[in-house]
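Peer 1: My questions all concern the structure below.
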Amino acid sequence: MTSALNHPSPNHKVESGATISHRLAAQLKRCHLTPTDLPTSQEQWAKLLHIIDSTYASHHEAYYLLERSLDVSSQEMKTLYENIKQESAQRIDALHKSEQKTRFMANMSHELRTPIHGVMGSLDVLRETPLDERQTAFINIAYSSCEVMLDLVSNILDYSKIHAGQLTLEQVDFSPRALVEDISQMMATLAQKKDLSVYCYVPEETPALMFGDVARLRQVLMNIASNAIKFTEKGEVFISLEIQEVHDQEATLIFEIRDTGIGIPKAMQESIFESFVQVDASINRRYGGTGLGLTIVKELVILMGGRVWLDSTPDQGSQFWVEIKLPIKQLVSDEIVDDYLAGRYILVVEDKHTHQVILKNYLKAWKAKPIIANNGMEALQMLRNSIALNEPFTAIILERTLPEMDGKTLARSIRTDRHYDRLPLIMLSSRELDKAEQREHGVNACISTPVKAQTLKTLLIQQARQKASFVPDPQALLQEQTPDHDKAPAILLAEDNPINALIATTMLETLPYRIDLVSNGKQAFYKATHYPYHLILMDINMPDMDGFSTTQAIREWEQANALANTPIIALTANALKDDREKCLAAGLNDYLAKPVKKEEMLKTVQHWLALSPLNKAPQPSDKDLVLI
């Protein structure tokens, strides 16, 4: 050892003292030291060596920790890699299982639909066979249950497809107008069972054709609309379309579905589009459902690049909006524009505000002049005013289910007046009237509601051209009746209360007599002195002239013209003993106390009809009459 130290190997280069001193000086400078900073004693050198040993140990420990940290990081990276690899395998496996589930759901859907369709088909056939009321009720229940089953199967299948990412859009050309109107017609069929009104409105500026997945859009709107009907017990469901941001190439469509149903609390409105969510358990028990309908709606709308939102008030109803932007394929329809209705007066008899607004908007878009009547009596007054003002109506649109005086009664009343016998009457009804019913009530045509705009326009123009509006002389109301009117057996009903008028008219409709209706004493006197009536039913409490004054005036006119007395029967709510004597003293022939029973009404009327002068002897000619 000593020899080796004292005698270096030939390959070892021995550094000179100057070199060592130079290197030492460089090291001292690197450490910011000078030769004067070096230890000068053995004790100082011992301290320096101790510091060097400690520093070396510290660096060695740091190096060990670094190596250890690298080992741990490497192990963690390896574990992370294994986890990612495992999760990737699990995801691939989940995708395979999801595909298998979707295929299973599709197969199950087919397997379920087939027998359900078989049952529904069989029920349809059974409906055509002779059935009693109880059997019909059971068949209707079974059919409705099948429809619910079909909806459940479709919703579950679509939900599975959406979450499996397998639902693709099929873009085709379609008509937005036809989409809304067709859905409304289908919903109206469901609404009839609950006696609900369904209305729809599509503005005239709607593009003729657009490009998109009409099947999925239809599914979205039908899901919302069927919910509206499901959760509405009375009132109406309104489906409309609004067009925004129309450009040459695209337009934004905003569909609105509004109901008067049970509504949705504010706290539930955010979560109503989530899976399996309903307002509360009582709603589920009462109305049923899976809670998937609105979830599918939201997923489909997002898939189509749109959005859906709502506003709702409990016990007042809900409004849903669906907004979607689609390309325009054809802006204007190929149909020839016909302005025949421009400037023409159209009378609309409708009591529902929503329908009034819809019909008014359509007629204004066709440049017509719509006039709105809220009930039958108001409509009759407007007809009289139109003649006096020499502004005749081109046609009348009337709702079948009007309050007080229904559409059919109003139509018959209009037809009894010769001034309107050529005026087209178009009836709107949730159920269509057959040709025999239309002829019976004097209706020219019937349109099922909700109204399709183009159908209404075409029919209005067709009827108005076939039966051009009859323009009578404004003084026509002061002239005598035509021979045709003379020959028609008739009863005059003077009643100012529309409900009582409707009841009386309905009771008398089985008689082979035309019923002419007036609403006050002056009108009754005019009719009685210008037209021959077999019998007059006179309400005692009427405006302008009461029943007593009117009867006395008629009797004086009959006496002045040497005419036999027309039987006049009093209708009054008074039920005192003196009333009958008072009526007879005023010249009335008989007395009926309200409310009148149908049997009593018919018995009394038939008794006096048999005694009517018109059923016994001919009346004097017109030239013998003295008008007063």
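In short: position in the sequence shown from 1, add 174, done, that's the working numbering. Cβ coordinates follow ideal geometry from the N, Cα and C atoms, glycine included.
Could you give the first and the last residue of the continuous alpha helix (DSSP H) run that contains A738?
Peer 2: Per DSSP, A738 belongs to no alpha helix (DSSP H) and is neither H nor E.
Peer 1: Can you tell me whether G491 is buried or exposed, with buried defined as 16 or more other CB within 10 angstroms of its CB?
Peer 2: It is buried - the Cβ of G491 has at least 16 other Cβ atoms within 10 Å.
Peer 1: Indicate whether Q423 and I502 have their beta-carbon atoms separated by less than 8 Å.
Peer 2: Yes.
Peer 1: Report all residues from its chain with a CB closer than 6 Å to the CB of T680; omit the five preceding and five following residues, and keep chain order.
Peer 2: Excluding sequence neighbours, T680 sits near nothing in its chain.
Peer 1: Give the single residue among P566, S560, N559, L554 whose Cα lies nearest to the Cα of L572.
Peer 2: Checked all of P566, S560, N559, L554; the closest Cα to L572 is L554.
Peer 1: Rounded to a whole number of angstroms, what is the C-alpha to C-alpha distance between A767 and H291?
Peer 2: About 58 Å.
Peer 1: For a test of the three-state rule: what should DSSP assign to P646, helix, strand or coil?
Peer 2: Low local confidence applies: a pLDDT of 43 at P646 is under 50, so the model's placement there is unreliable, with the coordinate-based value given in what follows. DSSP places P646 in coil when its eight states are reduced to three.
Peer 1: Tell me which residue opens and which closes the beta strand (DSSP E) that A744 is part of.
Peer 2: Here the beta strand (DSSP E) through A744 covers 742 to 746.
Peer 1: Specify the secondary structure class of I570 as computed by DSSP and reduced to three states.
Peer 2: Strand.
Peer 1: Take the Cβ of V246 as the centre, count every other Cβ of all protein chains shown within 10 Å, and call the residue buried at 16 or more, exposed below.
Peer 2: V246 should be labelled exposed.
Peer 1: For L785, count neighbouring C-beta atoms within 10 Å of its own C-beta (all shown protein chains included) and say buried if the count is 16 or more, exposed if not.
Peer 2: It is exposed - the Cβ of L785 has fewer than 16 other Cβ atoms within 10 Å.
Peer 1: Going straight from the alpha carbon of P488 to that of L353, what length do you get?
Peer 2: Distance between the alpha carbons of P488 and L353 is about 29 Å.
Peer 1: Quick one: what's got a C-beta closer than 6 Å to G581's C-beta in the same chain, skipping five residues either side?
Peer 2: Within the same chain, G581 has close Cβ partners L572, E573, R574, M601.
Peer 1: Quick one, which of E407, P624, L783, D670 has its alpha-carbon nearest T363's?
Peer 2: The shortest Cα separation from T363 among E407, P624, L783, D670 belongs to P624.
Peer 1: Using 8 Å as the threshold, is the C-beta distance between L599 and L515 below it?
Peer 2: Cβ distance not < 8 Å, so L599 and L515 don't count as in contact.
Peer 1: Roughly how many angstroms lie between the CA atoms of E509 and R639, to the nearest whole one?
Peer 2: C-alpha separation (whole angstroms): 19 Å.
Peer 1: Check the DSSP bridge columns for A619 and list the partner residues they point to.
Peer 2: Partner(s): I600.
Peer 1: Do you know offhand how far E755's Cα is from G761's?
Peer 2: Going from the Cα of E755 to the Cα of G761 covers about 10 Å.
Peer 1: Can you round the beta-carbon distance between T724 and A747 to whole angstroms, since I take them to be within the 8 Å contact cut?
Peer 2: Their Cβ separation, rounded to whole angstroms, is 17 Å, which puts T724 and A747 out of contact at 8 Å.
Peer 1: Going by alpha carbons, who is nearest to F405 out of Y687, I438, S445, D387?
Peer 2: Closest option to F405, Cα to Cα, is I438.
Peer 1: Restricting to Cα atoms, I'd like to know which of L427, N397, F312 is closest to S328.
Peer 2: Ranking L427, N397, F312 by Cα distance to S328 puts N397 first.
Peer 1: Spell out the partners DSSP gives L685 in its beta bridges.
Peer 2: Paired residues: none, contrary to the question.
Peer 1: Using the three-state DSSP reduction, which class does E256 fall into: helix, strand or coil?
Peer 2: The answer is helix: DSSP assigns E256 an H, G or I state.
Peer 1: Locate the beta strand (DSSP E) running through M384, then write down its first and last residues.
Peer 2: Where M384 is concerned, the enclosing beta strand (DSSP E) stretches over 383 to 386.
Peer 1: For a quick check, are the C-beta atoms of L395 and I357 less than 8 Å apart?
Peer 2: The answer is yes: Cβ separation under 8 Å.
Peer 1: In terms of residues, what are the limits of the beta strand (DSSP E) holding G491?
Peer 2: 491 to 504 is the span of the beta strand (DSSP E), which, as asked, contains G491.
Peer 1: What residue from L676, E241, K203 has the CA that sits closest to L576's CA?
Peer 2: When each option's Cα is compared against that of L576, the closest is L676.
Peer 1: Could you tell me the alpha carbon to alpha carbon distance between H337 and V475, rounded to whole angstroms?
Peer 2: Computed Cα separation, rounded: 14 Å.
Peer 1: Would you give the residue range spanned by the beta strand (DSSP E) that D591 belongs to?
Peer 2: First-last for D591: undefined, no H or E at that position.
Peer 1: Does the count of Cβ pairs from the region 303 to 311 and the region 340 to 352 closer than 8 Å reach three?
Peer 2: At 8 Å Cβ cutoff, the stretches do not touch.
Peer 1: Leaving out five residues on either side along the sequence, give the residues of the same chain with a beta carbon under 7 Å from the beta carbon of L222.
Peer 2: So the qualifying residues of the chain are P213.
Peer 1: For I743, does the count of other Cβ atoms within 10 angstroms reach 16, so buried, or fall short, so exposed?
Peer 2: Label assigned to I743: buried.
Peer 1: Taking the alpha helix (DSSP H) that L353 belongs to, which residues open and close that run?
Peer 2: Segment 350 to 366, the alpha helix (DSSP H) holding L353.
Peer 1: If you draw a straight line from the C-alpha of A627 to the C-alpha of R265, how long is it?
Peer 2: For A627 and R265, the distance between alpha carbons rounds to 53 Å.
Peer 1: Just to confirm, is the Cβ distance from T528 to G550 under 8 Å?
Peer 2: No, the pair does not count as a contact, with Cβ atoms beyond the cut-off.
Peer 1: Going by the CB atoms, is the gap between G517 and K534 shorter than 8 Å?
Peer 2: Not in contact: K534 and G517 (Cβ atoms no closer than 8 Å).
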